[in-house]
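Below is one structure; the comments refer to it alone.
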Amino acid sequence: MSRSSKYPEQFRKDAVELVRSSDRPLRQVARELGVNHETLRNWGKVAERAQAKPSDAASAASEDELRALRKRVAELELEKEILRKAAAYFAKEMGR
């Protein structure tokens, strides 16, 4: 169970951004902000995981698009099979 942080969310985001954009060591930035360096390191890890994971809305949109594309592929494969059979039929009729 995670307990609520005594630091506001915006402060944590700003602190992580400061570490990323600064050429100073993480320990120095943490000391300047009055935060434990391990706490700041953990905030950075959480932020990286959040960026790496696609948002639920984007994921849902991708799933919908994938489903629609698979349906379209199935339709096109059926059409191709019908046309292949029709071509074979007409080729046979022309040969008579």
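Read in order, the letters of the sequence shown correspond to residues 61 to 156 in my numbering. Beta carbons are placed, not taken as given, at the ideal position from N, Cα and C, and that holds for glycine.
- Taking the Cβ atoms as the reference, Arg-101 lies roughly 6 Å from Leu-86, within the contact range of under 8 Å.
- If you draw a straight line from the Cα of Glu-153 to the Cα of Glu-137, it comes to about 24 Å.
- Taking Arg-72 as the centre and dropping the five residues before and after it, the same chain places the C-beta of Trp-103 closer than 6 Å to its C-beta, in chain order.
- Scanning the segment 69-102 for uninterrupted beta strand (DSSP E) segments of 3 residues or longer gives nothing; none is fully contained.
- According to the DSSP assignment, Arg-127 belongs to the alpha helix (DSSP H) that extends over 116-154.
- Inclusion of Val-89 and Ser-82 in the CB contact set at 8 Å is warranted, their separation being smaller than that value.
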